[in-house]
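When we follow our numbering, the leftmost residue of the sequence shown carries the number 718, and every step to the right adds one.
Taking it in order: structure first as structure tokens, then the write-up.
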Amino acid sequence: MKTENINHAFLDGVLDGSHEDVYYHFGVASSDPILAELRDVKAVVVAGSGGRIKEFADRWSRLNGDADVVAFPKEDRFVTRYTAGVLFASHGMGMPSASIALQELMRMVFFLKRGDLDALDEVFWARVGTSGGVGLPGGTVVVSSEGLMADLKPYRLLKGGEGEYWFDGRFPAATVDAVIAANADVDFPIVSGKTIAGNEFFLEQFRLDGAVCFETPESKMSWLRWVQSNGVANIEMEGAMLAGYLNHWGFSKFAMICTTLLNRLEGDQVTATPEQLHKFSEDSGVALFNYLKSSLLGK
Ligand code: URA
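In structure tokens form, the structure reads like this:
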């Protein structure tokens, strides 16, 4: 862990009781008794939709002898469940929304692990989601090797009028390999590659079907060919920030597992049938659970 990058000026006072930490968007605070039930957290799994979080938690509970499922009371922003050592939370769509969830979850995990750097580093983080494939057909599961923005540069944020804060978007290679190894026998294609996080579903993903459109078929294909020739396998909306923040604190185990809903070289609209979409979404969950089973349950 990179302790110098952890906001000790604020977080240490939470540990010594000088003040509490209010995880406002999750509707809980460090002084809430509900958090005592989460002390043993070993993994944090995030996904865009609250419905998926509930399904994941129920499935993980069943795999763990119908372990109790703890639900946070507030659900109007993010849906949260905890069961059998795994904290599941939704993050909404896009990096502004997901960064709120991730910052509050990182603070929560710091509190739960009492600031113990070794204990913090044991925690595995994952995002499971959907994406547009770049030369990959719908239904391919991509385990990201690196998260980049639409210009193939890492995540950064404006530093007022003085340039930008830059982040490292790489995902730990050992975890990428371990996720793929845990899925050696699955019935869907699983690959690793770079992932672009667009700040917009339409404009920063170079779609032609937005209400606002600046691209032509030629400029769209030229961008897609450029990113493909630079090793990009898929496009989603959160990974560059997620890897950037987790690297900032120095976590060593985290992954992003996203199914492709379509091949962007062939179109922009998601036209897969409900049955296909269900299977696509299932498969990224299967890939995550195979890794969780091997890493947490030794199965
Ligand atoms: N999610 C995205 O961000 N883009 C896609 O094309 C599909 C899912």
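Using N, Cα and C, we set each Cβ at its ideal position, and we do this for glycine too.
Nothing here was measured: the structure is a model prediction, and the numbers come from that model.
Straight-line spacing of the CA atoms in residue 730 and residue 737 works out to 8 Å. Here residue 890 carries a helix assignment [DSSP, helix/strand/coil]. Taking residue 921 as the centre and dropping the five residues before and after it, the same chain places the C-beta of 867 and 915 closer than 6 Å to its C-beta, in chain order.
The Cβ-Cβ distance between residue 971 and residue 843 falls below 8 Å.
Remark: three or more beta-carbon pairs, one from each stretch, lie closer than 8 Å, so the region 945-960 and the region 856-870 are flagged as touching. Note on residue 937: 16 or more other CB atoms within 10 angstroms of its CB, so buried under the neighbour-count rule.
For residue 875, the Cβ stays outside the 7 Å cut-off from all heavy atoms of the ligand URA. Residue state for residue 957 is assigned as helix, using DSSP reduced to three classes.
Around the beta carbon of residue 911, 16 or more other beta carbons lie within 10 angstroms, which makes this residue buried. One residue after another in chain order, those with a Cβ under 7 Å from a heavy atom of the ligand URA are 847, 848, 849, 915, 918, 922, 952, 953, 954, 978, 979, 981 and 987.
Residue ranges of uninterrupted alpha helix (DSSP H) with 4 or more members, entirely inside the region 836-899 and ordered along the chain, are 890-898. For the set 760, 886, 850 and 794, the Cα lying nearest the Cα of residue 838 is the one of 760.
With distances taken between CA atoms, residue 995 lies nearest to 772 out of 718, 946 and 772. Residue 834 places its beta carbon 8 Å or farther from that of residue 758. In this structure, 849 is the residue among 849, 963, 939 and 884 with its C-alpha nearest to the C-alpha of residue 950.
Taking the Cα positions, residue 1014 is about 40 Å away from residue 985.
The alpha-carbon separation between residue 990 and residue 997 amounts to approximately 10 Å.
Going by C-alpha positions, residue 895 is about 21 Å away from residue 776. DSSP, read as helix, strand or coil, puts residue 810 in coil. Here the alpha carbons of residue 807 and residue 792 stand approximately 10 Å from one another. DSSP lists 860 as the beta-bridge partner residues of residue 909.
Nearest to residue 882 by C-alpha distance, out of 1012, 871 and 888, is 871.
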